[in-house]
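Numbering (UniProt numbering), first residue to last: 1 to 728.
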């Protein structure tokens, strides 16, 4: 263990946890690495930044930076903004901080307070510091901010290190507000010292720091403010401070870093890749490519175009690729640009190209990419076969699926891959279970799905769900791995395609519900989405005895605790229990309409309104189908009108429902009547606006009686329209 006073660089300069790749410590350490050195004076060009800053730089800074490696001149104390200065500029001040912080780290790791802490002057507060400590702990954003701004620069410099070290040792969670205030002063602490404080919190108080908040301040907002670009020194910007800033900043902050690079500043290789990843996260392919271009300028073999880190980030950029029509035909937008930079695609990249090709909806383009991979002798892996199976199932190409299954059967390692296994099970569900052949015994279909399942997964969870018949005997010896959620769901869905008796549905649902509330590690996570609940509802939809259970299922979803703790031997985690969404309500509504219970269906619509469920095309078609089956012409007409008013058009499913009408002409008559009433209403309003109030029309008794009759009829139709509209 390192003793107090020894070098802190390797001890404290650990890489940020947000960094995915393994990064050498020297990139964020205190050594004078080339990538941490800022730009030479010629980067300040007129036209790029305000003239007053250029003049100030040439007058005051340029003479000091003739020898950029001179340790006696601390470039970290120089800011581009002449109004801003940094508290420390002497080499001894930085050495004092590093030594004291290393001493504090040693004491923290040994759970002791060594004599060195009391012996070093920097650990001793100044006479008036106690008042400042009290303000920091009780009213940092108010009284402390006022007091701090009132101090002279020399006093701030004398206090800052002492206050920071005292807080780190005795009140670490008060540090964020302290840094937030002092980093916004015109006399700022050095970036490295601020990052040291953040890294201390990350190392020793990880959970408290990540979830820290106070008022409007959060972990991320404090880091963004303290490490904002305007707080960077003009040179020698520490790479770990940039890395931490990029991990917490928003899109505009990433753009600021990219602009900073364009001005001639150097960013380390890992940070360039972090910047690329940030733009990919924000779906900005152009800026991701622009940042990635800087990788080609690095003279570092760790960032060659064929290195693992670079290739991995190429794959990330390719996830944003798309196809465009150009003068030379269809081509990808991003792939050619990466090739121009010298990237040689490996299998992982070609898999993404293949995926992007199939996503265009043009199967021929995907097949062309596949032929290219085969001609260039790329070995297909599990991801390749997952892409091919997904495309074939989506297009309903059963023959292609059969061909792929035969290929996979000869590749046992790929067949045992969990993703491929899920794709095979899904293909079986789509082509066999969901479109069941009437000549095949349903139990055989379910047993075949179980055979697919047990090849890879442990059957125990299915037995706990009471889903496995006692007479079932596996035909293969499986690997007994823990099942994935999609595998469990597909077996449950297949079971209810083959077994729809009410007693079985009720028994298995009750068991499923118990396991969910118990926090079962396999079944509780299924309650995070509505898919499994919807399977139960769909199975009961055409069963008149199942309506009560349908209502119970939806009530269970509404009344479940918001979170459920999952019991896992390795970790404890919580899931958010799903509430019924539009699809769940639609299934319940269609169940009552199918079973000719219009009153219950109206109650469901009232509940949907209560829970702010917005109607979509599927819900409208379900409502229209119900009214058409019931021959309820007025409600049907009003539903169609309201649907169109909300921006949904009549589609093939709507027209299919209208075929159930015994008298379709009556529907159009009612809709015409509604149109006429609304037109008359608008016309009368216009007439009233134009007609002078004193003008009166003389009518005969017969004309007056006819007019009153028309008005009564119009009022009745208008009330009918308003009544129907109120339902929606």
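The C-beta atom is built at its ideal place from N, Cα and C for all residues, glycine as well.
Every value quoted in this text rests on a predicted model; they were computed, and no experiment measured them.
May I ask which residues mark the beginning and end of the beta strand (DSSP E) holding residue i?
i	result
residue 532	No beta strand (DSSP E) contains residue 532, which is instead part of the alpha helix (DSSP H) from 531-540.
residue 565	563-566
residue 574	573-576
residue 527	First-last for residue 527: undefined, no H or E at that position.
residue 250	That residue, residue 250, is in no beta strand (DSSP E); it is neither H nor E in DSSP.
residue 546	That residue, residue 546, is in no beta strand (DSSP E); it is neither H nor E in DSSP.
residue 632	Run containing residue 632: none; DSSP gives neither H nor E here.
residue 332	329-332
residue 326	323-326
Is it the case that the Cβ atoms of residue i and residue j are separated by a distance below 8 Å?
i	j	result
residue 593	residue 582	no
residue 667	residue 633	yes
residue 358	residue 334	no
residue 457	residue 481	yes
residue 108	residue 204	yes
residue 484	residue 590	no
residue 181	residue 140	yes
residue 285	residue 339	no
residue 561	residue 545	no
residue 314	residue 343	yes
residue 191	residue 241	yes
residue 500	residue 475	no
residue 587	residue 549	no
residue 393	residue 369	no
residue 347	residue 381	yes
residue 522	residue 461	yes
residue 557	residue 494	no
residue 624	residue 654	yes
residue 194	residue 168	no
residue 258	residue 337	no
residue 208	residue 173	yes
residue 310	residue 291	no
Starting from residue i, trace the alpha helix (DSSP H) both ways and give me its first and last residue.
i	result
residue 656	652-658
residue 271	269-281
residue 94	91-109
residue 582	582-594
residue 361	Counting along the chain, residue 361 falls outside any alpha helix (DSSP H), and DSSP gives it neither H nor E.
residue 476	Note, residue 476: premise wrong, no alpha helix (DSSP H); not H, not E.
residue 497	485-498
residue 136	129-139
residue 514	502-517
residue 345	No alpha helix (DSSP H) holds residue 345; DSSP gives it neither H nor E.
residue 313	308-318
residue 737	Because the chain in this structure spans residues 1 to 728, residue 737 falls outside the shown range and cannot be described.
residue 151	From DSSP, residue 151 is part of no alpha helix (DSSP H); its letter is neither H nor E.
Tell me which residues share the same chain as residue i and place their Cβ nearer than 6 Å to its Cβ, disregarding the 5 neighbours each side in the sequence.
i	result
residue 731	Past the boundaries of the shown model lies residue 731; the chain is included only from 1 to 728, so the question cannot be answered.
residue 640	none
residue 365	357
residue 42	Reliability fails at residue 42, whose pLDDT of 39 lies under 50, so the model's placement of it is uncertain and no value is given.
residue 517	none
residue 22	Per-residue confidence for residue 22 stands at a pLDDT of 40, beneath the threshold of 50, marking its modelled position as unreliable; no derived number is given.
residue 608	585
residue 355	387
residue 413	none
Just to confirm my understanding: we take residue i, look at its own chain, exclude 5 residues before and 5 after, and list those with CB closer than 8 Å. What are they?
i	result
residue 532	489, 492, 512 and 526
residue 294	261, 267 and 272
residue 597	547
residue 436	442, 445, 497 and 498
residue 502	540, 543, 545, 546 and 549
Sorted by chain position, which residues of the same chain lie with C-beta nearer than 7 Å to residue i's C-beta, five sequence neighbours on each side aside?
i	result
residue 416	456 and 479
residue 595	544 and 547
residue 409	415
residue 132	144, 147, 159 and 163
residue 530	578, 580, 581, 583 and 584
residue 670	633, 634 and 637
residue 432	445
With hydrogens ignored, establish whether the beta-carbon of residue i is closer than 7 Å to any heavy atom of the ligand NAP.
i	result
residue 457	The model depicted lacks the ligand NAP and carries no ligand whatsoever.
Residue ranges of each alpha helix (DSSP H) run of no fewer than 4 residues wholly in the segment 169-246, ordered along the chain?
175-182, 191-204, 206-210 and 219-226
Taking only runs of the alpha helix (DSSP H) that begin and end inside the segment 390-472, which ones reach a length of at least 4 residues, in chain order?
398-409, 412-415, 418-428, 442-454 and 460-464
Should the segment 176-187 be called in touch with the segment 232-252, which here means at least 3 C-beta pairs below 8 Å?
no
Cβ pair count under 8 Å reaching 3, the segment 298-306 against the segment 320-332
no
To test your reading of the DSSP string, which unbroken alpha helix (DSSP H) runs of 4 or more residues are found completely within the segment 592-616?
598-610
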